[in-house]
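Undergrad: Structure incoming, see below.
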Amino acid sequence: MNNKRMMAIDFGDVKIGIAITDELKMIASPYLTINRKKTPDYISEIKNIIREKNIDTIVVGLPLNLNGEKSSQTKKTEKFIFNLENSVDSIVYTYDERLSSQEAERYLKQLNLKIGINKEKVDQIAASIILNNFLSSQKNR
6 MNNKRMMAID FGDVKIGIAI TDELKMIASP YLTINRKKTP DYISEIKNII
56 REKNIDTIVV GLPLNLNGEK SSQTKKTEKF IFNLENSVDS IVYTYDERLS
106 SQEAERYLKQ LNLKIGINKE KVDQIAASII LNNFLSSQKN R
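Residue 99 in my numbering is what sits at position 94 of the sequence shown, and the numbering runs on without skipping anything.
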């Protein structure tokens, strides 16, 4: 076993949600939220997580419009992906993240947790949803 993990990133204007898998790459769990205003060098923070958690694969959620077309946020995310790919050795994939944040908010509501208080958790949970969906899509190939 190589003990490598996967990471998902839910990239936003203010926050970046991070999720990671277990060493078997079977289960994704919320991990961390990076506040871009407090951590302007967020690529370095992501590189630290990659090193600490032994990440070899990264999945970045790609925010498309409901009709599948690119949005202004898609273009920002693609720029982030370009910078990330030039900064890390890990393989970087993109995955359609449509409605992942709404799904994360529904999950928090089901747990009777207030979204406002747990806003940072929404980004982490969205990242774990993206990663779990990516893992499922790979199993179904």
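Built from N, CA and C at the ideal position, the CB exists for glycine as well. In this text the structure is predicted, and so the values were computed from the model without any measurement.
Taking all protein chains shown into account, decide if Ile96 is buried (16 or more other Cβ within 10 angstroms of its Cβ) or exposed.
TA: Exposed, by the Cβ-count rule.
Undergrad: Note the first and the last residue of the continuous beta strand (DSSP E) segment covering Ile21.
TA: Ile21 -> beta strand (DSSP E) spans 20-26.
Undergrad: Inspect the beta-carbon positions of Tyr100 and Gly66 and report whether they are closer than 9 Å.
TA: Against a cut-off of 9 Å, the Cβ pair of Gly66 and Tyr100 comes out as a contact.
Undergrad: Quick one: what's Gly66 bridged to in DSSP?
TA: Answer by DSSP bridge pairing, in chain order: Tyr100.
Undergrad: Compare the beta carbon distance of Glu83 and Asp15 with 9 Å and say whether it is the shorter of the two.
TA: For Glu83 and Asp15, no; Cβs fall outside 9 Å.
Undergrad: Let me know if Arg10 comes out buried or exposed under the rule of 16 or more other beta-carbons within 10 Å of its beta-carbon.
TA: Buried, by the Cβ-count rule.
Undergrad: Spell out the partners DSSP gives Arg10 in its beta bridges.
TA: In DSSP, Arg10 forms a bridge with Ile60.
Undergrad: Spatial neighbours of Ser34 within its chain, please: CB distance less than 7 Å, with the 5 preceding and 5 following residues excluded, ordered by chain position.
TA: Around Ser34: Ala24, Ile25, Ser133.
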